[in-house]
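Novice: Handing you this structure, nothing more for now.
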Amino acid sequence: MTRSTAGLLFAGPALAAIGVFFVLPVAAALLLSLTDFDIYAVADPANLRFVGLANYARLLGDASFWNALGNTLYFAAVGGTLSVLVSLGGALLLEAPLARARGFFRTVYFLPVVTTLVAVAIVWRFLYHPRIGLLNRALETVGLPAVDWLGDPAFAMPAIIGLAIWKNFGWNLVIFAAGLQAIPERLYEAARLDGASGWQQLRHVTLPLLLPTTSFVVLMTAIGSLQLFAEPYVMTQGGPGDATRSLVLLMYEQGFRWWNLGHAAAIAFVLFAIVAAFTALARRLTREGSA
Amino acid sequence: MRRRALSTLTLAALLTLALFSLAPLLWMLSLSLMPAGEATALPPRLLPSAPTLAHYEALFARLPLARALGNSLLLASAATVLGLLSNSLAGYAFAKLHFRGRDALSRVLLAALVIPGQVAMLPLFLLVKELGLVNSYAGVLVPSLASIFGIFLVRQYVASIPDALLDAARLDGAGELRVFTAVVLPLCRPVLVTLGTFTFLGAWNDFLWPLVVLGDEKLQPLPVALASLLGEHAPDVEILMAGAVLTVLPVVVLFIALQRYYLQGILAGSLRG
Chain A
1440 MTRSTAGLLF AGPALAAIGV FFVLPVAAAL LLSLTDFDIY AVADPANLRF VGLANYARLL
1500 GDASFWNALG NTLYFAAVGG TLSVLVSLGG ALLLEAPLAR ARGFFRTVYF LPVVTTLVAV
1560 AIVWRFLYHP RIGLLNRALE TVGLPAVDWL GDPAFAMPAI IGLAIWKNFG WNLVIFAAGL
1620 QAIPERLYEA ARLDGASGWQ QLRHVTLPLL LPTTSFVVLM TAIGSLQLFA EPYVMTQGGP
1680 GDATRSLVLL MYEQGFRWWN LGHAAAIAFV LFAIVAAFTA LARRLTREGS A
Chain B
240 MRRRALSTLT LAALLTLALF SLAPLLWMLS LSLMPAGEAT ALPPRLLPSA PTLAHYEALF
300 ARLPLARALG NSLLLASAAT VLGLLSNSLA GYAFAKLHFR GRDALSRVLL AALVIPGQVA
360 MLPLFLLVKE LGLVNSYAGV LVPSLASIFG IFLVRQYVAS IPDALLDAAR LDGAGELRVF
420 TAVVLPLCRP VLVTLGTFTF LGAWNDFLWP LVVLGDEKLQ PLPVALASLL GEHAPDVEIL
480 MAGAVLTVLP VVVLFIALQR YYLQGILAGS LRG
C-alpha cells in the first residue's frame, strides 16, 4: 500500500461522514431555502415548488423575524459584552501576582461550562422564581421590589443573560489567563522601574498586549451568542410573548414544529451570513494582529 | 502592610467569584436532599433540615431515569469511540500522508468550520428520516461520526511528530496501518484524551439533536428525559433537582479528573485563529 493510498483510506471515513452528514445537508439547506418545502412536501415531494428568493423576501416583511433578530443582537451585544468583561476580570484576578490557589479557582470557575444546560436551567428557573426564588428573597432583604424575572418581558432577556454569563464565563477566562501568562514578566519589571502604578501597568502593558486575545475572544463570543438557542428554549420557550425568541429558536419552531422547512432554511442562511461576516472580520483581525 | 491588605482583597474577590460559580450547583444539591415539600417552603431554606436520599431512589424506582442514564452513557461512549477512531485516522492522514487533493480538502474543511451546525439540521433530519434512522441510537450518533475540529486538533498534534520516527518504522517493514497503530497512536495519547473528553462531554450535554431524533421515551438520554419531566409531569422540586444532580454529576467528575487535557483543547482551538 503506497502512502498516498493509505492517506485516502485513512481520511476516507471521516471525510465521507462529514460529506454526507454535514456538507450535503448544508447544500440541501441552501436549496431548501429556495423552495416552499412544508408539511405537504414532507408527505409527498411532488408538492414541492421552486420559489426563488421568495422566502428571503418574506423574511423582510415578517415581524417575528425582525423581533428574533433584535432579541439575538440584544443578547449578543449586552450578554456578550458583560460575559467578556466577567471573564477578563476573573482572569486578571486569577493571574494577579498575589493570587493563591490558582488551580483550585480555575477549576471552580470552569465547572459551570461543563454542566448540562437542561439540568442547571432547572435550578436557575427556581432561583428566578418570583415568590420563593433566592434572588427575589435577596432583593427583598435589601429593600428592593420583587421581580417576575421570567414572566416580565423586560426582565426575561436579562435573566437569560445572567444564566448565560454564569454558564460560559469560565471558557473565555481560561483563554484570557493563557494570554496573560504569555506576557513577559520583564515588561512589568521595566514598567515598575519607570515608577508605573498597578493601574498604569494594567493600562499600558497588560491590556495592549492582551489585545489579540481580546479581539479573538470578543469575536468568538459574538459568533457563539448569535447562535443562542438552548437557554431560552429551556428557560422561557421564547416567551413571555416573543421577548426571548432568538433566531435559532424561531428557525427550530418554524422547521420542527410547523414544518415550514423552506422558511426555516432561509432563517438559517441569514444567520449563516451574519456569522460568516463576523468570522471574516475575525480572520482579518487575527491576521493583522499576528503580522 | 499594604501588600497584606491587597493579598486579602484579592483572595476575597477570588472567593466571591467562586461563590457565583458554585452557589447554583450547591443549592441544586441541597434542594435535592431536602424532605418532600421543604424546597418550596417559606421562608426558603438553604440547607435540608434532615438530608434524605429518597428523591434519588424515586428517580430510579418511579421514574424512567435509570434507563435515561444508561442511554446517556451508551450514546456518549459510542460517540467518543467513533469520533476518536475516524478523527485520529484522518488527522494523521492530513498531517503526514500526502494524498491527492489533500491541501484542497483541508481548505474546504477549514472553510466549513465556520458554518453553524444549525444550518445543516433541517435537511439532516430529512436525511436521517429517509435512512429510517429516526428513533434510533444510530440517528443520534450520525453527526458524531467525524468532526472537523477533531481532525484539525489531531493534525496539529501529529505534525509535531518527527518524520524520521515514522520512516524508521517503515524501514523496519511496518505497513502504513502498523505505523499508525504502533507509532502514531501511542505518541498521540494526550491529544486523544483531550479529544475524547471534548466528545464525551459534548455528547452527554447535547440536547437539541437527540430531542429532534428520539421521540421514543425509552431511547432518550438524560437531558431530553429531564426536559420532558419538566414539561409534562411537573414533579416535586426536590425530585427535579435530584434528576439535575444525576445529570450533572458524571460530567463534573469526568472534567475534574481530566481537566488538564480538556483545557489544552480549548487553548489549541483558540490558537488556531
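Quick mapping for you: the protein sequence lines, in order, are chains A and B.
Per the working numbering, the very first residue in the first sequence carries number 1440; after that it's consecutive.
Per the working numbering, the very first residue in the second sequence carries number 240; after that it's consecutive.
Even glycine gets a Cβ: it sits at the ideal position worked out from N, Cα and C.
(1) Rounded to the nearest angstrom, what separates W1588 of chain A and A1682 of chain A at their Cα positions?
(2) Taking 8 Å as the limit between beta carbons, can you name the residues of its chain near W1698 of chain A, skipping five residues before and five after?
(3) So, with DSSP's three-state summary, where would you put T1474 of chain A?
(4) In angstroms with no decimal places, state the Cα-to-Cα distance between S1522 of chain A and L1646 of chain A.
(5) Closest to T433 of chain B by C-alpha separation, out of B:E477, B:G504 and B:L245, would be which residue?
(6) Can you confirm whether T1683 of chain A, when its beta carbon is compared against all beta carbons of chain B, has any partner nearer than 9 Å?
(7) To test your reading of the DSSP string, which unbroken alpha helix (DSSP H) runs of 4 or more residues are found completely within the region 401–457 of chain B?
(8) Decide if R1545 of chain A is buried, meaning its Cβ has at least 16 other Cβ atoms within 10 Å, or exposed.
(9) For L1508 of chain A, which residues from the same chain have a beta carbon less than 7 Å from its beta carbon, with the 5 sequence-adjacent residues on both sides left out?
(10) Could you spell out where the alpha helix (DSSP H) holding V1490 of chain A opens and where it closes?
(11) Against chain B, with Cβ distances strictly below 9 Å, would G1529 of chain A count as a contact?
(12) Whole angstroms is fine: what's the gap from L202 of chain B's alpha carbon to V463 of chain B's?
(13) Give me the chain B residues within the contact set of F1514 of chain A, using Cβ-Cβ distance strictly less than 9 Å, ordered along the chain.
(14) Can you give the beta carbon distance from G482 of chain B to L304 of chain B, rounded, assuming they're within the 8 Å contact cut?
(15) By alpha-carbon positions, which one of A:S1443, A:G1529, A:D1483 and A:P1597 ends up nearest to T249 of chain B?
(16) How many Å lie between S269 of chain B and L506 of chain B at the Cα?
(17) Does S260 of chain B pass the burial test, meaning 16 or more other C-beta atoms within 10 Å, or should it be called exposed?
(18) Would N310 of chain B pass as a contact of P474 of chain B if the rule is Cβ separation under 9 Å?
(19) Buried or exposed: G322 of chain B, going by 16 or more other Cβ atoms within 10 Å of its Cβ?
(20) Does any C-beta atom of chain B lie closer than 9 Å to the C-beta of R1625 of chain A?
(21) Cβ of V422 of chain B less than 9 Å from any chain A Cβ?
(22) May I ask you to report which of helix, strand or coil DSSP gives A1616 of chain A?
(23) Mapping DSSP to helix, strand and coil, what is T1555 of chain A?
(24) What does Q1666 of chain A reach in chain B if we use C-beta pairs closer than 7 Å?
(25) How many Å lie between R409 of chain B and F1717 of chain A at the Cα?
(26) Mind listing, in chain order, the continuous beta strand (DSSP E) runs of no fewer than 3 residues lying wholly within the region 278–306 of chain B?
Specialist: According to the structure data:
(1) Translated into positions along the first sequence, residue 1588 of chain A becomes position 149. Translated into positions along the first sequence, residue 1682 of chain A becomes position 243. Rounded to the nearest angstrom, the gap between the Cα atoms of W1588 of chain A and A1682 of chain A is 12 Å.
(2) To locate residue 1698 of chain A, count along the first sequence from 1; it is residue 259. So the list reads D1477, I1478 and V1481, once near-sequence residues are dropped.
(3) Translated into the one-based positions of the first sequence, residue 1474 of chain A becomes position 35. In the three-state reduction of the DSSP assignment, T1474 of chain A falls in the strand class, which pools E and B.
(4) For the purposes of this step, residue 1522 of chain A is identified with residue 83 of the first sequence, where counting begins at 1. For the purposes of this step, residue 1646 of chain A is identified with residue 207 of the first sequence, where counting begins at 1. Cα to Cα, S1522 of chain A sits roughly 17 Å from L1646 of chain A.
(5) Your numbering for residue 433 of chain B matches position 194 in the second sequence. Sorting B:E477, B:G504 and B:L245 by C-alpha distance to the C-alpha of T433 of chain B places B:G504 at the top.
(6) Looking up residue 1683 of chain A in the first sequence gives position 244. Not an interface residue.
(7) The region 401–457 of chain B contains these whole alpha helix (DSSP H) runs: 402–410, 428–444 and 447–452.
(8) For the purposes of this step, residue 1545 of chain A is identified with residue 106 of the first sequence, where counting begins at 1. The residue is buried, with at least 16 neighbouring Cβ atoms inside 10 Å.
(9) Along the first sequence, one-based indexing puts residue 1508 of chain A at 69. When the five nearest sequence neighbours on each side are left out, the beta carbons in the same chain lying within less than 7 Å of the beta carbon of L1508 of chain A are those of L1686, in order along the chain.
(10) In the first sequence, the residue the question calls residue 1490 of chain A occupies position 51. That residue, V1490 of chain A, is in no alpha helix (DSSP H); it is neither H nor E in DSSP.
(11) Numbered from 1 along the first sequence, position 90 holds the residue referred to as residue 1529 of chain A. Yes, G1529 of chain A counts as interfacial toward chain B.
(12) Nothing in the structure corresponds to residue 202 of chain B, since chain B is present only between 240 and 512.
(13) Taking the first sequence and counting its residues from 1, the one referred to as residue 1514 of chain A is at position 75. By Cβ distance, chain B contributes nothing, its closest Cβ being about 15 Å from F1514 of chain A, past 9 Å.
(14) Numbered from 1 along the second sequence, position 243 holds the residue referred to as residue 482 of chain B. Numbered from 1 along the second sequence, position 65 holds the residue referred to as residue 304 of chain B. Correct: roughly 6 Å between the Cβ atoms.
(15) The residue you call residue 249 of chain B lines up with position 10 of the second sequence. Nearest option by C-alpha distance: A:G1529.
(16) As a working mapping, residue 269 of chain B is identified with position 30 in the second sequence. As a working mapping, residue 506 of chain B is identified with position 267 in the second sequence. Roughly 34 Å separates the two Cα atoms.
(17) As a working note, residue 260 of chain B is residue 21 in the second sequence. Answer is buried; the Cβ neighbour count reaches 16.
(18) Walking along the second sequence from the start, residue 310 of chain B turns up at place 71. Walking along the second sequence from the start, residue 474 of chain B turns up at place 235. No, Cβ-Cβ distance for N310 of chain B and P474 of chain B is not below 9 Å.
(19) For the purposes of this step, residue 322 of chain B is taken as the residue at position 83 of the second sequence. With 16 or more Cβ atoms within 10 Å of its Cβ, G322 of chain B is classed as buried.
(20) Within the first sequence, numbered from 1, the residue matching residue 1625 of chain A stands at position 186. For R1625 of chain A, the answer is no, since every Cβ of chain B falls outside 9 Å of its Cβ.
(21) Within the second sequence, residue 422 of chain B is the residue found at index 183, counting from 1. For V422 of chain B, the closest Cβ of chain A is not nearer than 9 Å.
(22) As a working mapping, residue 1616 of chain A is identified with position 177 in the first sequence. The answer is helix: DSSP assigns A1616 of chain A an H, G or I state.
(23) For the purposes of this step, residue 1555 of chain A is taken as residue 116 along the first sequence, with counting starting at 1. Here T1555 of chain A sits in coil by DSSP.
(24) By one-based count along the first sequence, residue 1666 of chain A stands at place 227. Within 7 Å of the CB of Q1666 of chain A, the CB atoms of chain B belong to P355 and Q357, in sequence order along the chain.
(25) Indexing the second sequence from 1 puts residue 409 of chain B at position 170. Indexing the first sequence from 1 puts residue 1717 of chain A at position 278. Looking at the two C-alpha atoms, the distance is approximately 45 Å.
(26) Counting only runs of 3 or more, we get nothing.
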